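Data block below; observations after.
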Amino acid sequence: MPRTVYGQALKLLSWIDHAETIIECRRAADRAEGFVLGLETIKALNAPSIEALYLAFEQAATLRGVVLEMDL
46 MPRTVYGQAL
56 KLLSWIDHAE
66 TIIECRRAAD
76 RAEGFVLGLE
86 TIKALNAPSI
96 EALYLAFEQA
106 ATLRGVVLEM
116 DL
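Number 100 in the numbering used here belongs to position 55 of the sequence shown; there are no gaps in the numbering.
Next up, the structure:
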């Protein structure tokens, strides 16, 4: 994975992980999904890498959502 893509992916994961509300978490997850869709559209990565990014962002958002719901 190119270093710039990796760096942006880490930034997006951080935004998800540090979301303070469910709405912030969803917004960060949507942004991450759009990022991956862009990479997929321009064929910047192979299919397994794209799928791995989708899953990583989805899992991070799900976990953060659970934590935020427990804090309610």
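We put the beta carbon where it would ideally sit given N, CA and C, even for glycine.
Note that the structure is a prediction, hence the values are computed from the model and not measured.
- Non-local C-beta neighbours of Gln53 in its own chain, meaning closer than 7 Å and more than five positions away in sequence, comprise Phe80, ordered along the chain.
- Taking every protein chain shown into account, the CB of Arg109 has 16 or more other CB atoms within 10 angstroms, so this residue is buried.
- Taking 8 Å as the cut-off, the beta carbon of Glu103 is found no closer than this to the beta carbon of Ile95.
- Residue range 48-62 is occupied by the alpha helix (DSSP H) that includes Asp62.
- Assigned with DSSP and collapsed to three states, Thr86 falls in helix.
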